[in-house]
Amino acid sequence: MNRRHLFGAAAALLATLGLAGCKDDTPAPETQAAAQAEAPAEQKTYHWKMVTAWPKNYPGLGTGAERIAERITAMSGGRLTVKVYAAGELVPALEVFDSVSRGTAEMGHGAAYYWRGKVPTAQYFTSIPFGLSTMEMNAWLTHGGGQALWEEAYAPYGVKPMAAGNSGMQMGGWFNKEINSLEDLQGLKLRMPGLGGEVMSRLGATVVNLPGGEVFTAMQTGAIDATDWVSPYNDLAFGLHKAAKYYYYPSWQEPQAIIEMLVNKQAFDSLPADLQAIVTEAALAANQAMLNDYVYNNAMALEELKKQGVQLKRFPDEVLAAMKTESESVLGELAAQSELNGRIWASLKAFQAQAEPMQAITEQQLYNWR
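Just so you know, we're using the working numbering here: the sequence shown kicks off at 778 and counts up by one.
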């Protein structure tokens, strides 16, 4: 065979096998682009702080904040982590709203009526004396326009609110003397935040606003004569039965109590859509989880309080009637303070009137006959 033909054939074979010469292994431009499109982009991670109004790991409330942080971290696969700070660790309990508004912390966990000095409208979004039940309040927020009104109230402060828990119907409070008539309220030194506190003030009590961590000491030292807090689950944890023996019901002042999650609006808007959805869903899940905690643990704690010698007392009808009358006056005056307040109060009243007929033939009948 001709030597030139032999070398040519060999070169062709090697080329076919990809072994010939110093071949350039760089992929074609179109191949590189396809590979880059298939490779996942590097995802940004976010590290947020959550400040709370509760003592560290406090049952129901503090643990509710921790649960939200854990769920957000887990559902995001670590792309959004949340570190929780108890009251006083980063900011005082009653400065949570301001901290989130300023962006010192991206998130907060507390009760809206704690910020009444800065945002009077916020009082509508914890509880209303003789107002909506837990189920009704959740329905008003999600279907009755309440959430939009809540967001409108907080928008000037750059804060986005979300319902992230509820303690359900609470108790009337702890008293170191019996309440047999309206005269017994005169000069009573009482810790009661929100609209209920305003009602009691008009009925003759001296009302103060204290964070939860200071309530037991204030009762024990006689700095106050009475206090509301939450319900048996939390009250037992604080040892309030060691500071007062009379435990009053019903909770006219807080027939339910929303626990809110505050999110700095700018920080929330900076998140990608999937992380925004995770934050929103974590709050929604926490709302139900906390209520479950309270229904179960209140029953257990009430039995323990009875064993400890606590005396359960019902407010006299005369006192309850006066509380209801004064509540209507207080709520009417708050509604008159601004156009937004007026719309919120009108919406709440309309929804309550709409919901009552169904509740009267369902929940109320069950409880009355059970």
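Cβ atoms here follow ideal geometry from the backbone N, Cα and C, with glycine treated the same way.
query: By alpha-carbon positions, which one of 910, 961, 849, 883 ends up nearest to residue 1126?; result: 910
query: Thinking C-beta only, is residue 859 closer than 7 angstroms to residue 831?; result: no
query: Is it the case that the Cβ atoms of residue 1013 and residue 1081 are separated by a distance below 7 angstroms?; result: yes
query: Kindly confirm or deny that the stretch 967-976 and the stretch 1095-1114 touch, where touching means at least three C-beta pairs closer than 8 angstroms.; result: yes
query: Measure the C-alpha to C-alpha separation of residue 928 and residue 1037 and round it to an integer number of angstroms.; result: 12 angstroms
query: Taking three-plus beta-carbon pairs below 8 angstroms as touching, is the stretch 893-902 in contact with the stretch 1107-1124?; result: yes
query: I'd like the ranges of any beta strand (DSSP E) spanning at least 3 consecutive residues and lying wholly in the stretch 1071-1134.; result: 1088-1091
query: Okay, do the stretch 997-1009 and the stretch 941-954 touch, 3+ Cβ pairs below 8 angstroms being the bar?; result: yes
query: Between which two residues does the beta strand (DSSP E) containing residue 1041 stretch?; result: 1035-1041
query: Report yes if the C-beta distance between residue 935 and residue 878 is below 7 angstroms; otherwise report no.; result: yes
query: Would residue 916 pass as a contact of residue 828 if the rule is Cβ separation under 7 angstroms?; result: no
query: Might you give, ordered along the chain, the residues of its own chain that have their beta carbon closer than 8 angstroms to the beta carbon of residue 958, omitting 5 neighbours on each side?; result: 1093, 1095, 1096
query: Output the distance between the C-alpha atoms of residue 873 and residue 888, rounded to the nearest integer angstrom.; result: 10 angstroms
query: Does the stretch 837-848 come close enough to the stretch 992-999 to have 3 or more Cβ pairs within less than 8 angstroms?; result: no
query: Looking at the unbroken alpha helix (DSSP H) that takes in residue 857, where does it start and where does it end?; result: It is not in any alpha helix (DSSP H) - residue 857 instead sits in the beta strand (DSSP E) that spans 857-862.
query: Exposed or buried, residue 944, counting other C-beta atoms within 10 Å across all chains shown (16 or more means buried)?; result: buried
query: Within the continuous alpha helix (DSSP H) that includes residue 917, where are the two ends?; result: 911-920
query: Buried or exposed for residue 1121, please, with buried defined as at least 16 other CB atoms from any protein chain shown within 10 angstroms of its CB.; result: buried
query: Can residue 1100 and residue 1029 be called in contact, C-beta distance under 7 angstroms?; result: yes
query: In angstroms, rounded to a whole number, what distance separates the CA positions of residue 1032 and residue 988?; result: 20 angstroms
query: Quick check on this structure: which residue in 983, 918, 960 has the alpha carbon closest to the alpha carbon of residue 969?; result: 983
query: In whole angstroms, what separates the C-alpha of residue 785 from that of residue 820?; result: Only weak support is given to the placement of residue 785: the predicted model assigns it a pLDDT of 49, under 50, and the value that follows is read from those uncertain coordinates. Approximately 52 angstroms, taken between the alpha carbons.
query: Does any C-beta atom of chain B lie closer than 7 angstroms to the C-beta of residue 1147?; result: Although the question refers to chain B, the structure presented lacks it and comprises just one protein chain.
query: Within 10 angstroms of the Cβ of residue 1089, are there 16 or more other Cβ atoms? Answer buried if so, exposed if not.; result: exposed
query: Can you list the alpha helix (DSSP H) stretches of 4 or more residues lying completely in the stretch 823-893, in chain order?; result: 839-852, 873-879
query: Please confirm whether residue 980 and residue 857 have their CB atoms less than 7 angstroms apart.; result: no
query: For residue 1087 and residue 1024, which I take to be in contact (beta-carbon distance under 8 angstroms), what is that distance rounded to the nearest angstrom?; result: 5 angstroms
query: Once the 5 residues before and after residue 1091 are set aside, which same chain residues still bring their CB inside 8 angstroms of it?; result: 1025, 1026, 1027
query: Given a threshold of 16 other Cβ atoms within 10 Å of its Cβ, counted over all protein chains shown, does residue 1070 qualify as buried or as exposed?; result: buried
query: Which word fits residue 1200, buried or exposed, when buried means at least 16 other C-beta atoms lie within 10 angstroms of its C-beta?; result: Nothing about residue 1200 can be reported from this structure: the residues present for the chain run from 778 to 1147 only.
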